[in-house]
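Enquirer:
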Ligand code: ADP
Ligand code: MG
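Residue numbers (the working numbering): 1 to 303.
1) Using a threshold of 7 Å, state whether the C-beta atoms of residue 157 and residue 203 are closer than that.
2) Going straight from the alpha carbon of residue 186 to that of residue 55, what length do you get?
3) Which residues neighbour ligand 1 when neighbourhood means a C-beta less than 6 Å away from any of its non-hydrogen atoms? List them by chain order.
4) Grab me the residues of residue 18's own chain with a C-beta within less than 6 Å of its C-beta, minus the 5 sequence neighbours each way, in chain order.
5) Three or more C-beta pairs under 8 Å: does that hold for the segment 193-202 against the segment 223-242?
6) Count Cβ pairs between the segment 72-83 and the segment 137-154 that sit closer than 8 Å; are there 3 or more?
7) Roughly how many whole angstroms lie between the Cα atoms of residue 126 and residue 88?
8) Taking only runs that begin and end inside the segment 82-117, name each unbroken beta strand (DSSP E) of 3 or more residues, in chain order.
9) Considering Cα atoms alone, identify which of 7, 247, 34, 112 is closest to residue 23.
10) Reducing DSSP to helix, strand and coil, say where residue 171 ends up.
11) Any heavy atom of ligand 2 closer than 6 Å to the CB of residue 83?
12) How many Å lie between residue 246 and residue 263 at the Cα?
13) Of all the alpha helix (DSSP H) runs that stay within the bounds of the segment 166-216, which reach a length of 4 or more residues?
14) Between which residues of its own chain and residue 67 is the CB-CB distance below 7 Å, once the five residues before and five after are set aside?
15) CB residue 194 to CB residue 169, shorter than 7 Å?
16) Could you pull out every residue in the same chain whose Cβ sits closer than 6 Å to the Cβ of residue 231, ignoring the five residues on either side in sequence?
17) Excluding the 5 residues preceding and the 5 following residue 32 in the sequence, name in chain order all residues of the same chain whose CB lies nearer than 6 Å to its CB.
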C-alpha cells in the first residue's frame, strides 16, 4: 500500500514558489528522508500533508485519503512532530503525553514513552522549563502515542546533541521495525544517511532527486572521490584531470591536493594521465563519496 502520494503539488506565496510540481510516492514500511537546505520547501510539504497549508495546485494523500478533502481520516493514522511546536506552559511532560493519548483516543503507558524518549526523570516538571532538546524529545514521545502507521517528523533532531540525535534515530529504526512508515525532513545529511531506505532531495521547491543512497552514489558516476597529493601544484593539472573519461568534478586545494569525483574505472586512468603529463604524485587515497558530496553536487547543479 502507498503511504504518501503527492501528485504535482505546488505552493505559491505571492510570487514566491515554495513548492514546484512535486511528485512523490512513499510506500508503506519505508523510512524516507526528505532532504534539502533551509528554505527548500520541506516544512511546506509536510504542512500540506497535515492540512495546515493548502496546496496551490495538485493533491496529496495518506494511505489513500486525500489530505485536504479527507484530512481527518488521513490524520488518524499519523504521529506528528511538527516544526516549531509550542509546548503548553502549564503542563508537565507527562501531561503532554496524556494529552496526546486523549486526543488520539489511545491507550499507552506515559512512563514507558517518557522513558523511551529519555525524559522520564523530568516527566513531572513543567514543559516550559524544558531545554529545546528536552521539548523535542517530549514532542517525539507525543508522536509515538498510539503506535501510528506513519510518523511525519519535521527536522526531528533540532536541538538534540549528537547522542540525542543517535537515540532519536534508534527510535525511528524501532518504529520502522514495528511496521511504521517514517517520513522525516532534515537539512543535516548524516541524519538521513544513517536510517533511510530512500531519500528525496528538495531544492528551491523542486524535487531534484529521489533514490536510495546507493542509487544516488551510482548516478553520480559511482561516487568515488579520489584525493591526490602532488609535489606541487602546476598550471593545467586540473585540465589534465578533467580530460579523463569518467571524471565528474575536479578541484585543487591550497595544500597541493586534488579532489576528484569520478567513476570507479576512471581512478587508474587519472593517475596514468598525470604520470604521462609529468606530474609528480606523492600520494593518493580514495573515499566513498558521502551524502554530503552528493547533496552539494545535486543542489549546486540546480543553481
Ligand atoms: P524548509 O522547511 O525547507 O526550510 P519552508 O517550507 O519553510 O522550507 O519554506 C519554503 C519557502 O517558502 C521559503 O522561501 C519560505 O520563505 C517560504 N514560505 C514558507 N511559509 C511561508 C508563508 N507562510 N508565507 C510566505 N512565504 C512562506
Ligand atoms: Mg522547515
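All C-beta atoms, glycine included, are put in the ideal place defined by N, C-alpha and C. Since the model is a prediction, treat every value here as computed from it, not as a measurement.
Expert: Based on what the coordinates show:
1) Numbered from its first residue, the chain shown carries residue 157 at position 157. Numbered from its first residue, the chain shown carries residue 203 at position 203. With respect to the 7 Å criterion, residue 157 and residue 203 are not classified as neighbours on the basis of their beta carbons.
2) One-based indexing of the chain shown puts residue 186 at position 186. One-based indexing of the chain shown puts residue 55 at position 55. When rounded, the distance between both Cα atoms is 21 Å.
3) Contact residues of ligand 1 (beta-carbon closer than 6 Å to any heavy atom; chain order) are 13, 16, 18, 36, 38, 39, 40, 41, 42, 43, 44.
4) Numbered from 1 along the chain shown, position 18 holds the residue referred to as residue 18. Around residue 18, the same chain offers 11, 41, 44, 205 as residues with beta carbons nearer than 6 Å, after the five sequence neighbours per side are excluded.
5) In this structure the segment 193-202 does not touch the segment 223-242; the number of beta carbon pairs closer than 8 Å is below three.
6) Contact between the segment 72-83 and the segment 137-154 is present, because at least three Cβ pairs lie under 8 Å.
7) Looking up residue 126 in the chain shown gives position 126. Looking up residue 88 in the chain shown gives position 88. Using only the alpha carbons, I get a separation of about 9 Å.
8) Fully enclosed beta strand (DSSP E) runs of 3 or longer: not present.
9) Counting from 1 along the chain shown, the entry for residue 23 is found at position 23. Nearest of 7, 247, 34, 112 to residue 23, Cα basis: 7.
10) Translated into positions along the chain shown, residue 171 becomes position 171. Residue 171 sits in a helix when the DSSP states are folded into three classes.
11) Position 83 of the chain shown holds residue 83. Under cutoff, so the answer is yes.
12) Stepping through the chain shown from its first residue, residue 246 is reached at position 246. Stepping through the chain shown from its first residue, residue 263 is reached at position 263. Rounded to whole angstroms, residue 246 to residue 263 spans 5 Å at the Cα level.
13) Taking only runs of at least 4 residues, the alpha helix (DSSP H) segments lying wholly in the segment 166-216 are 189-195.
14) By one-based count along the chain shown, residue 67 stands at place 67. Answer for residue 67: 48, 49, 51, 60, 61, 74, listed in chain order.
15) For this step, residue 194 is matched to residue 194 along the chain shown. For this step, residue 169 is matched to residue 169 along the chain shown. Yes; because the gap between Cβ atoms is below 7 Å, this pair is in contact.
16) For the purposes of this step, residue 231 is identified with residue 231 of the chain shown, where counting begins at 1. Its chain contains 280, 282 as the residues whose beta carbon lies nearer than 6 Å to that of residue 231, once the 5 sequence neighbours on both sides are disregarded; these appear in chain order.
17) Along the chain shown, one-based indexing puts residue 32 at 32. These residues qualify, in order along the chain: 26, 183, 198.
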